[in-house]
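S.K.: Protein chains in written order, with our numbering: chain R, 1 to 301; chain D, 1001 to 1301.
Backbone N, C-alpha and C fix where the C-beta goes; we use that ideal spot for every residue, glycine too.
None of the values given here were measured: they were computed from a predicted structure.
Here's a structure for you.
There are 2 protein chains.
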Amino acid sequence: MHIEFRHLRTIKAIHDSGGLARAADQLNITQSALSHQIKGIEDQAGVELFVRRSKPLKLSSSGMRLLAAAETILPQVAALEAEFEGLVAGKSGRLHIAIECHACFEWLLPVLEEFRKAWPDVDVDIRPGLAFDALPALRKEEVDLVISSDPEDLPGTDFTPLFDYEPVFVAASSHPLAQKAFIEAKDFEGETLITYPVDRERLDVFSQLLTPNKVEPKTIRQVELTAVILLLVASNRGVAVLPDWVVRQVRYNSDYVTLPLTETGITRRLYAATRTGETNLPFMAHLIRLARKEAVKLQRN
Amino acid sequence: MHIEFRHLRTIKAIHDSGGLARAADQLNITQSALSHQIKGIEDQAGVELFVRRSKPLKLSSSGMRLLAAAETILPQVAALEAEFEGLVAGKSGRLHIAIECHACFEWLLPVLEEFRKAWPDVDVDIRPGLAFDALPALRKEEVDLVISSDPEDLPGTDFTPLFDYEPVFVAASSHPLAQKAFIEAKDFEGETLITYPVDRERLDVFSQLLTPNKVEPKTIRQVELTAVILLLVASNRGVAVLPDWVVRQVRYNSDYVTLPLTETGITRRLYAATRTGETNLPFMAHLIRLARKEAVKLQRN
DNA sequence: TGAAGGTTATGAATTTGATTCATATAACTT
DNA sequence: AAGTTATATGAATCAAATTCATAACCTTCA
């Protein structure tokens, strides 16, 4: 027996309408098409699904069994179809995020909090395991959004600017470098540099200053949490380079100073990388707006 | 989105096979047909269900949602199809019975007990409400079997003989009629006749003796249970006419006598009425055999 | 009982949807 | 860059579904 959803809908329509002609109207086909159709189903099933010795015809006991199945299965199909309509309309979907920027948790978590209120049907997740090779994962649809400061010219991938920030040098107030107006690459030569535990080429201090100037810090110490980095810096256990929004947040504590990198400072920009077909989804656009709003807030502090 | 079971099977086959060509083999269609098919589903859904930037292709997040639905719904469809195969093969089905013969419960219940052991998948029920107008109900598929002693020449309805029985006169041993060799219609004139609570034209004593002889008993008292009828008869509160299998069962009790109706006795035959298309279903044939076997047993007592 | 009205069935023609065939395109590996 | 593997594409073909027109059947009423 080759049963399809369509057949279940037919059975239900006939039962609910109490006749073939009315059901045909409901299904937007002719009575004749419906007659042929039920004959086809019966031929396949090998049993009579309708009793025709009364007028209008009605379901046989076998037909009633099919009706029972229809009443179980069709709501599941309707829910699935509604869900896909939501997907198409952008009301639902998946938003799995990979973050190349380790410090971005500081602004992203409040953003996602706000986002969830507006888009309860969107499946949100942060995928820490995909921070490495985030852009290939985006292409393979393993994530849906990558937060990155390194735009690339990739077909099928859009980089939407979020906001600009400045990576700044952070040292204890008593540190000798604290008296300078700005920091140069060579200033790092005798220092213990404290960083997040990521590939050094993905840290601004290396990509924008040290690597181009072929300078190596004395030692590098990796620390997971921003607060711990600042604690170690304040107690002169090392120096750090952090996004300005990070140190702006804890500006009340004056145990350390912040200095620009280079005379003119360095400005970096954060981007949201999305697949081209999804950039304009309403929920995606809303997340980007929320991210920019949070950035303005951070810069007011 | 016009989703069918077929589409769910396609999604599942692709996922399980890990590629389009292998899935096509599994589904017994060409790779090309499958490619067209998934393109068709995607066009309808309005979202991409597959990620093609890898080889072999794999399900997108939307596709995974469809797979989840497939894994829920397809087992339900498979069960339904298996059930219909059982129906066609006669392993399952419905057996709703209407009994025109009120005393037939005495042999039918043990028959059905045995039947259930052999045919656990057959839906068995006795429909007391349909005893009146049982044959029209059979035609309309409201019941599937009618036990009747009145065969009719009805197109589409088979009457299969079950067994013969004799309706016998029952009276207290001390009753004056107890001394006769047989009973005639006029013998009922001064008597209280105790019957089952059914239409008098459906009682053998009326249809075979009293009505043709234009005899009316003094009074008629209707009683539901056979055991109560026999009690009242034994205590000389009236007389009765019952099928011989009924009084044969309780023959140890000698407070009453049984006498044939007329000099030569009256023989009646019980029939199983079924719809012509269903008479030869294995479970139906088995029930008829069991009924006959039970009758032999009753006649041995 | 015959007529009228309502309902479903049927067959040929037509339309629509699915599949095949042959080949192009894309992804991956060496 | 070449070769292999995997999927996509378009035209042709086939199969399934639907329509149109009408036949057949059932129920009710006078």
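So, under 8 Å CB-CB, residue 209(R) and residue 261(R) are touching, yes? Tell me the CB distance rounded to an integer number of Å.
M.R.: As a position in the first sequence, residue 209(R) is number 209, starting the count at 1. As a position in the first sequence, residue 261(R) is number 261, starting the count at 1. Right, the Cβ-Cβ distance comes to about 5 Å (below 8 Å), so this counts as a contact.
S.K.: Just the Cα atoms here: how many angstroms apart are residue 126(R) and residue 1062(D)?
M.R.: By 1-based counting over the first sequence, the position of residue 126(R) is 126. By 1-based counting over the second sequence, the position of residue 1062(D) is 62. The alpha-carbon atoms of residue 126(R) and residue 1062(D) are separated by roughly 18 Å.
S.K.: By a C-beta neighbour count over all protein chains shown, 10 Å radius and 16 as the cutoff for buried, is residue 120(R) buried or exposed?
M.R.: The count along the first sequence starts at 1 and reaches residue 120(R) at position 120. Classification of residue 120(R): exposed, given that the 10 Å Cβ count is below 16.
S.K.: Determine, using beta-carbon pairs with one atom in the region 58-78 of chain R and one in the region 9-25 of chain R, whether at least three such pairs fall under 8 Å.
M.R.: Yes, the region 58-78 of chain R is in contact with the region 9-25 of chain R.
S.K.: Around the Cβ of residue 167(R), are there at least 16 other Cβ atoms within 10 angstroms (buried) or fewer (exposed)?
M.R.: Here residue 167(R) refers to the residue found at position 167 when the first sequence is read from its first residue. Classification for residue 167(R): buried.
S.K.: Can you give, in chain order, each stretch of the alpha helix (DSSP H) that sits fully within the region 73-154 of chain R and has at least 4 residues?
M.R.: Runs found: 105-118, 134-139.
S.K.: Taking only beta carbons into account, state which residues of the region 124-147 of chain R come closer than 7 Å to chain D, listed in chain order.
M.R.: Listed in sequence order: 139, 140, 141.
S.K.: Spell out a yes or no on whether the region 1025-1037 of chain D and the region 40-50 of chain R are touching, meaning 3 or more CB-CB pairs, one atom from each, closer than 8 Å.
M.R.: no
S.K.: Please report how far the alpha carbon of residue 1093(D) lies from the alpha carbon of residue 1280(D), in whole angstroms.
M.R.: Here residue 1093(D) corresponds to residue number 93 of the second sequence, with the count starting at 1. Here residue 1280(D) corresponds to residue number 280 of the second sequence, with the count starting at 1. About 13 Å.
S.K.: Can you name the residues of chain R whose CB is closer than 9 Å to the CB of residue 1281(D)?
M.R.: On the second sequence, position 281 is the one that residue 1281(D) refers to. Neighbours of residue 1281(D) on chain R: none; closest Cβ ~11 Å, over 9 Å.
S.K.: Just to confirm my understanding: we take residue 1114(D), look at its own chain, exclude 5 residues before and 5 after, and list those with CB closer than 6 Å. What are they?
M.R.: For the purposes of this step, residue 1114(D) is taken as residue 114 along the second sequence, with counting starting at 1. Within the same chain, residue 1114(D) has close Cβ partners 1290.
S.K.: Taking the beta carbon of residue 1243(D) as the centre, do at least 16 other beta carbons fall within 10 Å, making it buried, or is it exposed?
M.R.: Walking along the second sequence from the start, residue 1243(D) turns up at place 243. Flag for residue 1243(D) reads buried.
S.K.: Applying the criterion that 16 or more other CB atoms from any shown protein chain within 10 Å of the CB defines a buried residue, is residue 1217(D) buried or exposed?
M.R.: In the second sequence, residue 1217(D) corresponds to position 217, counting from 1. Per the 10 Å Cβ criterion, buried.
S.K.: Would you call the region 153-166 of chain R and the region 265-278 of chain R in contact, with 3 or more CB pairs under 8 Å?
M.R.: yes
S.K.: Counting only C-beta atoms, is residue 122(R) closer than 9 Å to chain D at any point?
M.R.: The count along the first sequence starts at 1 and reaches residue 122(R) at position 122. No, because no Cβ of chain D sits closer than 9 Å to the Cβ of residue 122(R).
S.K.: Under three-state DSSP, which class holds residue 170(R)?
M.R.: Reading the first sequence from its first residue, position 170 is the one you call residue 170(R). Residue state, collapsed to three classes: strand.
S.K.: By alpha-carbon positions, which one of 184(R), 43(R), 77(R) ends up nearest to residue 1084(D)?
M.R.: Position 84 of the second sequence, counted from the start, is the residue given in the question as residue 1084(D). Nearest C-alpha to residue 1084(D) among 184(R), 43(R), 77(R): 43(R).
S.K.: Taking residue 22(R) as the query, report the chain D residues whose CB atoms sit under 9 Å from its CB, ordered along the chain.
M.R.: Position 22 of the first sequence, counted from the first residue, corresponds to residue 22(R). One finds nothing in chain D with a Cβ atom closer than 9 Å to the Cβ of residue 22(R); even the nearest lies about 20 Å away.
S.K.: Would you kindly work out how many angstroms separate the C-alpha atoms of residue 1106(D) and residue 1086(D), rounded to a whole number?
M.R.: Along the second sequence, one-based indexing puts residue 1106(D) at 106. Along the second sequence, one-based indexing puts residue 1086(D) at 86. C-alpha separation (whole angstroms): 31 Å.
S.K.: For a contact meaning CB atoms closer than 8 Å, what does residue 1005(D) contact in chain R?
M.R.: Your numbering for residue 1005(D) matches position 5 in the second sequence. Result: 3, 4, 5.
S.K.: According to DSSP, which residues form a beta bridge with residue 1158(D)?
M.R.: Translated into positions along the second sequence, residue 1158(D) becomes position 158. According to DSSP, which records beta bridges pairwise, residue 1158(D) is partnered with 1274(D).
S.K.: Cutting at 6 Å between CB atoms, please list the residues of its own chain near residue 1123(D), excluding the five before and the five after it.
M.R.: Here residue 1123(D) is taken as the residue at index 123 of the second sequence, counted from 1. Cβ neighbours of residue 1123(D) beyond the five flanking positions: 1094.
S.K.: Check whether chain R comes within 9 Å of residue 1046(D), counting only Cβ atoms and requiring the distance to be less than that.
M.R.: What you label residue 1046(D) is simply residue 46 of the second sequence in a count that begins at 1. Residue-level contact check: residue 1046(D) touches chain R, since one or more beta carbons of chain R fall below 9 Å from its beta carbon.
S.K.: With a threshold of 8 Å, are at least 3 pairs of Cβ atoms found where one atom belongs to the region 1215-1231 of chain D and the other to the region 1138-1150 of chain D?
M.R.: no
S.K.: Of the choices 1155(D), 1248(D), 1175(D), 1265(D), whose alpha-carbon is the least far from that of residue 1237(D)?
M.R.: In the second sequence, counting from the first residue as 1, residue 1237(D) sits at position 237. Closest by alpha carbon: 1175(D).
S.K.: Identify which residue in 1227(D), 1201(D), 1286(D) has its Cα closest to the Cα of residue 1091(D).
M.R.: One-based indexing of the second sequence puts residue 1091(D) at position 91. Selected option, being the one with the closest Cα: 1286(D).
S.K.: Helix, strand or coil: which one does DSSP assign to residue 1164(D)?
M.R.: Translated into positions along the second sequence, residue 1164(D) becomes position 164. Of the three classes helix, strand and coil, the one that applies to residue 1164(D) here is strand, per DSSP.
S.K.: Return no unless some Cβ of chain R is closer than 9 Å to the Cβ of residue 1098(D).
M.R.: Numbered from 1 along the second sequence, position 98 holds the residue referred to as residue 1098(D). Not closer than 9 Å to any Cβ of chain R, the Cβ of residue 1098(D) fails to qualify, so no.
S.K.: Suppose you measure from the CA of residue 98(R) to the CA of residue 8(R); what does that come to, to the nearest Å?
M.R.: Translated into positions along the first sequence, residue 98(R) becomes position 98. Translated into positions along the first sequence, residue 8(R) becomes position 8. Using only the alpha carbons, I get a separation of about 43 Å.
S.K.: Once DSSP output is grouped into helix, strand and coil, what is the label at residue 181(R)?
M.R.: Position 181 of the first sequence, counting from 1, holds the residue named residue 181(R). If DSSP states are grouped into helix, strand and coil, residue 181(R) belongs with coil.
S.K.: Would you say residue 1067(D) lies against chain R (beta-carbon separation less than 9 Å)?
M.R.: Taking the first residue of the second sequence as 1, we reach residue 1067(D) at position 67. It does not; no Cβ of chain R falls within 9 Å.
S.K.: If we ignore side chains and look at the alpha-carbon of each, how far apart do residue 156(R) and residue 227(R) end up?
M.R.: Numbered from 1 along the first sequence, position 156 holds the residue referred to as residue 156(R). Numbered from 1 along the first sequence, position 227 holds the residue referred to as residue 227(R). Looking at the backbone, the Cα of residue 156(R) and that of residue 227(R) are separated by about 38 Å.
S.K.: Which first and last residues belong to the beta strand (DSSP E) in which residue 1239(D) is found?
M.R.: On the second sequence, residue 1239(D) is found 239 positions in, with the first residue counted as 1. Note, residue 1239(D): beta strand (DSSP E), 1239-1243.
S.K.: For my contact list, residue 173(R) and residue 100(R) are in at a C-beta cut-off of 8 Å; report their separation, rounded to the angstrom.
M.R.: In the first sequence, counting from the first residue as 1, residue 173(R) sits at position 173. In the first sequence, counting from the first residue as 1, residue 100(R) sits at position 100. Not confirmed; about 32 Å, so no contact.
S.K.: Does the separation of the CB atoms of residue 1240(D) and residue 1194(D) fall below 9 Å?
M.R.: Sequence index remark: in the second sequence, residue 1240(D) carries index 240 (1-based). Sequence index remark: in the second sequence, residue 1194(D) carries index 194 (1-based). Yes, Cβ-Cβ distance for residue 1240(D) and residue 1194(D) is below 9 Å.
S.K.: May I ask which residues mark the beginning and end of the alpha helix (DSSP H) holding residue 1226(D)?
M.R.: For the purposes of this step, residue 1226(D) is taken as residue 226 along the second sequence, with counting starting at 1. From DSSP, the alpha helix (DSSP H) with residue 1226(D) extends over 1226-1234.
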